[in-house]
């Protein structure tokens with residue numbers, strides 16, 4: 627018999643307005659025009675469109691990236707669901723605003739995904 631988890635499986639569905647926005651994850655692609663010049667575009671990642679989410683300011687937290695550079699986050703995005711394929715080379719789009727993903731993490735029960743992001747200006 628399976629032990630009940632710390633979090634009820636339907637808890638996220640019962641939170642109502644907690645996930646009051648939606649997020650789409652995009653991947654960078656590059657093609658070439660007829661003169662061989664690069665065309666940079668972002669495309670929606672399959673299976674990562676209109677994910678229920680909540681977004682909040684981070685207070686300008688400094689984040690050290692894997693390549694040892696420092697960046698300043700502007701927001702946190704909490705996704706309803708476990709999305710292990712999201713990486714730091716992607717971006718998130720919430721309410722028409724683009725955010726570069728600085729860090730992607732998950733809760734200990736693999737129920738939600740937390741993105742540390744900075745707004746793209």
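In this note's numbering, the protein residues as written are 627 to 747.
Beta carbons are placed, not taken as given, at the ideal position from N, Cα and C, and that holds for glycine.
All values reported here derive from a predicted model rather than from experimental measurement.
Distance check for residue 734 and residue 628, CA to CA, integer angstroms please. Only weak support is given to the placement of residue 628: the predicted model assigns it a pLDDT of 45, under 50, and the value that follows is read from those uncertain coordinates. For residue 628 and residue 734, the distance between alpha carbons rounds to 18 Å.
Specify, as a first and last residue, the run of the beta strand (DSSP E) that residue 747 falls within. Run containing residue 747: none; DSSP gives neither H nor E here.
Which residue wins for smallest C-alpha separation from residue 723, given the options 706, 649 and 675? 649
For residue 749, three-class secondary structure by DSSP: Since the first and last residues shown for the chain are 627 and 747, residue 749 lies out of range.
Taking the alpha carbon of residue 726 as the reference point, which residue from 652, 647 and 709 has its own alpha carbon closest? 652
Local Cβ density within 10 Å of residue 743, reported as buried at 16 or more and exposed below that: buried
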